[in-house]
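To start, the structure itself, in structure tokens.
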């Protein structure tokens, strides 16, 4: 497609037009997916709590998220008079943008990736490390006590769990021998006896996948690690002073981040766009369907945990990150690299 | 064309944010400008084809160092007037530092142009088909292995030093022992007794 646009519009402009269309082709369906996923999650919570959930707007309540979106878009954005105006408005935009740019390196199928870069995983780590600023800046610029506490918590929490996520990714990178996400997916082809696609069922990598799932919940500040917006202690955390569309941007950004973590989990451990079992007829189904199925499965686990597990205390959260996940993932990097040295590289 | 545009964009934003880091009145704004500066430096690295360094710059400096900076600066209650009062006193020292840096830079550029370094190596230090990470890894873990491990040891010493400096024994603390709590069974904690009426329970 880039080649066609470049033949029509010249090198620079053609490249720009083609990539603009590709970016929109990811970002717009992502927003639609976020809206539907919010609806789905509310129905799931309803089922977990033996309630009905949203079932009034549209057939089965399917249009609930759009009604909420319309409501929020029509609300006034109130800016507290003591707030730092510019930063107060930049913060939600930052969160929302970061949640979207991360999707650039996720492979949706064979060669179906916007930016097929060598350092794909490092890009994910780099871009997601910006995400925390959305929360910190919001907490500081609100000029209000509870958002400020929330910002301090968020800063410490996300830095802590990024460390163990980094080591988990290192284990996968060592096995796949590449930082490129497409190569990592292809390295999982027929990983278990040439039958099953995916690193997660490898006994050496399975613990890493569990650590990744839990760290992903902490990294996206989802329950049981939603200390940053713990309503019983911090009103609504960093979002306390936000209203209208600025609040909705946090909402959308949070769910886009959760979906991204599920996509990353699927890509790194469950074979990405590959079918779960290496069997020719399964390849007739487009890879993107498999990826979406895996993402939705991961998202179900996320909402299951949110509906059932009580919130961690802050010191317990820190203990889990630094005293349990960090040593285990560090040891596992040694184990994986040692195993690979003894088998793959012992020439 | 697009490279030149990107270069001037990154470079000008980098310079502007660097100036704003030192001229911003609010220290939190300073740190935020610094973060913008890091980003644009990473962009320049990307243009130079050093994608690994660019990503590391963002991960380490933006993701960790600047977060801690911001963390500390947000919690400090800095008196701006007092800070500004010292400006005149430290100005000669600052000018001296700037002069030293400028002289060093001139020497570095001069040595670079003197031509003692191999020209071919300067233009293409690594083959373009080898990913950055592999090229750096191959160099670090073969030719510069001992220097690399030495740097690792220095970091380890700093790490342990930080723990030793901040760790203090406090008396009277009863920390939570999670494994003990998990091991506790109902029969250890609960007693079922048939209590006669009118008598107290002995604990």
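Chains as they are written, first to last, in this note's numbering: chain D, 4 to 350; chain F, 1165 to 1367.
Heads up, the beta-carbon is just placed ideally off N, CA and C, and yes, glycines get one too.
Predicted model, so just to flag it, every value in this text is computed and none were measured.
Please return the same chain residues whose Cβ sits closer than 8 Å to the Cβ of residue i, not counting the five positions on each side in sequence.
i	result
residue 1188(F)	1194 and 1197
residue 208(D)	174, 175, 178, 202, 272 and 339
residue 283(D)	none
residue 1238(F)	1192
residue 232(D)	153, 224, 239, 240, 241 and 242
residue 1338(F)	none
Skipping 5 residues on each side, what residues in its chain have a beta carbon closer than 6 Å to that of residue i?
i	result
residue 38(D)	68
residue 1284(F)	At residue 1284(F), the pLDDT of 49 sits below 50, so the modelled position is not reliable; the number obtained from the coordinates is stated separately. For residue 1284(F), where only same-chain residues beyond five positions count, there are no Cβ hits under 6 Å.
residue 56(D)	45, 46 and 49
residue 1207(F)	1174
By Cβ distance, which residues of its chain are closer than 7 Å to residue i, with the 5 residues on each side in sequence left out?
i	result
residue 353(D)	Given that chain D is displayed from residue 4 to residue 350, the structure contains no residue 353(D) and the question cannot be resolved.
residue 127(D)	105, 108 and 267
residue 1346(F)	none
Thinking C-beta only, is residue j closer than 9 Å to residue i?
i	j	result
residue 151(D)	residue 249(D)	no
residue 291(D)	residue 115(D)	yes
residue 1222(F)	residue 130(D)	yes
residue 221(D)	residue 164(D)	yes
residue 1231(F)	residue 135(D)	yes
residue 281(D)	residue 198(D)	yes
residue 137(D)	residue 256(D)	yes
residue 289(D)	residue 15(D)	no
residue 1240(F)	residue 1205(F)	no
residue 309(D)	residue 265(D)	no
residue 1296(F)	residue 1227(F)	no
residue 315(D)	residue 216(D)	no
residue 286(D)	residue 156(D)	no
residue 251(D)	residue 40(D)	no
residue 368(D)	residue 275(D)	With chain D covering 4 to 350 only, the question about residue 368(D) has no answer from this structure.
residue 117(D)	residue 184(D)	no
residue 1216(F)	residue 125(D)	yes
How is residue i classed by DSSP in three states: helix, strand or coil?
i	result
residue 39(D)	helix
residue 19(D)	helix
residue 195(D)	strand
residue 80(D)	coil
residue 56(D)	coil
residue 61(D)	coil
residue 1294(F)	coil
residue 321(D)	helix
residue 1226(F)	helix
residue 112(D)	strand
residue 1367(F)	coil
residue 238(D)	coil
residue 1177(F)	helix
residue 75(D)	helix
residue 280(D)	strand
residue 143(D)	helix
residue 229(D)	coil
residue 95(D)	helix
residue 253(D)	helix
residue 222(D)	helix
residue 182(D)	coil
residue 1348(F)	coil
residue 1333(F)	coil
residue 314(D)	coil
residue 200(D)	coil
residue 273(D)	coil
residue 14(D)	helix
residue 152(D)	helix
residue 342(D)	helix
residue 87(D)	coil
residue 246(D)	coil
I want to verify the contact list: residues of chain B whose CB lies under 9 Å from the CB of residue i, in sequence order.
i	result
residue 1226(F)	Although the question refers to chain B, the structure presented lacks it and instead comprises the protein chains D and F.
Under the criterion of a Cβ to heavy atom distance below 8 Å, does residue i qualify as lining the ligand PLP?
i	result
residue 1215(F)	Among the components modelled here there is no ligand, and therefore nothing to report on the ligand PLP.
If I'm right that residue i touches residue j with Cβ under 8 Å, what's the distance once you round it to whole angstroms?
i	j	result
residue 170(D)	residue 333(D)	6 Å
residue 133(D)	residue 94(D)	Residue 133(D) to residue 94(D), Cβ: 12 Å. No contact.
residue 1200(F)	residue 1181(F)	4 Å
residue 83(D)	residue 147(D)	7 Å
residue 110(D)	residue 200(D)	Wrong, their Cβ atoms sit about 14 Å apart, outside the cutoff.
residue 270(D)	residue 51(D)	Actually they do not touch by this definition, with Cβ atoms about 27 Å apart.
residue 2(D)	residue 331(D)	There is no way to answer for residue 2(D), as the model of chain D reaches only from 4 to 350.
Is the stretch 256 to 274 of chain D in contact with the stretch 214 to 225 of chain D, if contact means three or more CB pairs nearer than 8 Å? Yes, they touch.
Quick check: the stretch 326 to 344 of chain D against the stretch 173 to 190 of chain D, are there 3 or more CB pairs under 8 Å? The answer is yes - the stretch 173 to 190 of chain D touches the stretch 326 to 344 of chain D, with three or more Cβ pairs under 8 Å.
Determine, using beta-carbon pairs with one atom in the stretch 103 to 112 of chain D and one in the stretch 53 to 67 of chain D, whether at least three such pairs fall under 8 Å. Taking one beta carbon from each stretch, the stretch 103 to 112 of chain D and the stretch 53 to 67 of chain D have fewer than 3 pairs nearer than 8 Å; the two do not touch.
Determine contact between the stretch 299 to 316 of chain D and the stretch 179 to 195 of chain D, defined as no fewer than three beta-carbon pairs at a distance below 8 Å. No: fewer than three Cβ pairs fall under 8 Å.
Three or more beta-carbon pairs under 8 Å between the stretch 237 to 251 of chain D and the stretch 23 to 36 of chain D, yes or no? At 8 Å Cβ cutoff, the stretches do not touch.
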